[in-house]
Every structure is written in structure tokens, then in C-alpha cells.
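Going by mature numbering (1 follows the signal peptide of the UniProt record, and there is no 0), the letters in the sequence shown line up with residues -19 to -1, 1 to 216, in that order. Think of the CB as a built atom: it goes at the ideal place given N, C-alpha and C, for glycine as much as any other residue.
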Amino acid sequence: MALFVVGLVLAFFTLSASAATVETSFHVVTICVCLYFIYNLGHCFSLTKVNAGMQVKNLTVNRLCQIQVIMAVNGNLPGPTLRVKEGDTIVVHVFNKSPYNLTIHWHGIFQRLTQWADGLQFVTQCPIRPRGNYTYTFNLTGQVGTFWWHAHSQWLRATVHGALIIRPRESQKYPFVKPYREDTIMLGEWWNAGPNDVESKIWRFQVGGAMFLRMRMFYLYRDAFWPVMAFYSLL
């Protein structure tokens, strides 16, 4: 767009000015265009590609005096915190060693021109099947702050999640007051049952009957009815 405007200005001077003025203006515009390309080229080379790996598999935990087998990433709950800088390109290799289909959603990330990396099951991608893998690649330009990632299949997000922290680049400032100290706090909920078991019980739970919500499933091009139980939100 900037080059288009420069071209219009140059054409205007060519039609309305003398030969000497046109030559001088042409040289000035040429220098400006070169500086523009040099600036953007340097900005591109200053960006970093961050690689990360996630293995989703069984993890045995003992909490509230009860042993459970849950799904977790890299053997930790919560999963790893991804720390990047604004403008970085992040490449995350996900290996599904769990018995469930799953996807990973990057909550709050704009996904400009990388919608297929948004991690919405059956909307932007097919789920990663057991023993399968998928690589998410997307850019983090224009966003700074604390975000999070989580599974976007069934209730696996209850244990398959982690933080995504985007800091400004060295030449940039925080869009808010720079924090004096940083601590990552993630709030979750714990049940004495597996997340998928809890989900199954909720769908079977009937209080005064179920109210059905009519909604259009755009990727199937037909209407569908989803039951909305008491104490349950459909997102």
C-alpha cells in the first residue's frame, strides 16, 4: 500500500514539474523506498522461530488421597509454559500418545492467515488421532501479554493445558506498566474422577428435563439439536 501511494505521488510530480524537479524527486523516492525495504528486511531477520514439543500421554497422580490416571503434557500438570517474544514464529510439534482424539487450541491468539493452526476440532482441523502427530505453526505479531493453550477435545482441557507468555521485543515497550515481578498462576478444577467420566455424568444428569438449544452446524450444512443441562454452558 505504501509503495502504491509513493507511485501516485511520483506520477503526479512527473506530469506537473520540470525535468530537473522530476529527476530530483525520483532520486528522493528511490532512497525512501530502499530505506523502507532495508528496515523491513532487518525486522524480518530479527524475528525468531521458537520450536517446542508436546507429548500427550497418561500420567498417574495422587491428589486428595486418590490415585488417578489423567492425560498430561510432557508428564506435568499443568503443561509447559511457552515463553516467546512478540513477532516470533512458534512451531509446536504435538505427539498424541493418549487413547483419545485431541487438538490444541491457542486461546486468544489472532491466527492471522494461519486459521488451520487454531486447533478447533472438526472446524479448522481434524483431530490428532492416537499415535498420531501434528505440527502447529503460527506467528505472534501484534500481541503481548499472558495467554494459555489447552486441549480442544472433550474435557481433556481440564488437565491438558499450560501458559503462553508473549513478551515485547527488546526495542519495544510493554503496552502496560512493566511488572516488577512475574509469577504464572493457573486456576483449574479437580474432581475425584476422570474429566471424561465427569462429562459423561453431566450429559446423563437430568434436572427437570433438558432444554434443547437449536443451532446451525455450519460445517455440516444442517440443523442440529444439542441438549443444555442445568448448571451446564454450551460454548
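Local Cβ density within 10 Å of residue i, reported as buried at 16 or more and exposed below that
| i | result |
| --- | --- |
| Ala98 | buried |
| Gly89 | exposed |
| Leu22 | Any reading at Leu22 must be qualified, since the residue scores a pLDDT of 43, below 50, and its modelled position is unreliable; the value itself is stated next. Its Cβ having fewer than 16 others within 10 Å, Leu22 is exposed. |
| Phe119 | buried |
| Pro160 | exposed |
| Ile71 | buried |
| Pro156 | exposed |
| Ala174 | exposed |
| Pro176 | buried |
| residue 225 | One cannot answer for residue 225 here, as it falls past the ends of the chain, which runs -19 to 216. |
| Met35 | buried |
| Arg138 | buried |
| Gly60 | buried |
| Ile166 | exposed |
| Cys25 | Only weak support exists for where Cys25 lies, its pLDDT of 47 falling under 50; the value from the coordinates is given anyway. When all chains shown are included, Cys25 counts as exposed. |
| Gly56 | exposed |
heavy atom of the ligand ADP below 7 Å from residue i C-beta
| i | result |
| --- | --- |
| Glu151 | In the structure shown, the ligand ADP is absent, as is every other ligand, since no ligand is present at all. |
CB-CB length for residue i against residue j, believed under 8 Å
| i | j | result |
| --- | --- | --- |
| Thr84 | Gly100 | 4 Å |
| Lys78 | Val50 | That pair is no contact at about 13 Å. |
| Leu58 | Leu145 | Contact flag wrong, Cβ pair sits at about 16 Å. |
| Gln135 | Glu180 | 6 Å |
Proximity of residue i and residue j at Cβ, strictly below 8 Å
| i | j | result |
| --- | --- | --- |
| Asn32 | Met52 | no |
| Val141 | Val54 | yes |
| Thr95 | Asp69 | no |
| Glu163 | Leu121 | no |
| Trp130 | Trp184 | no |
| Val75 | Asn114 | yes |
| His133 | Gln102 | yes |
Between the region 41 to 60 and the region 107 to 127, do three or more beta carbon pairs fall short of 8 Å? no
Ignoring anything shorter than 3 residues, give me the beta strand (DSSP E) runs that lie fully in the region 44 to 102, in order along the chain. 47 to 54, 63 to 66, 70 to 77, 85 to 88
Report yes or no: do the region 150 to 158 and the region 105 to 113 share at least 3 C-beta pairs separated by less than 8 Å? no
Where are the beta strand (DSSP E) runs, 3 residues long or more, that stay fully inside the region 120 to 195, in chain order? 126 to 132, 142 to 148
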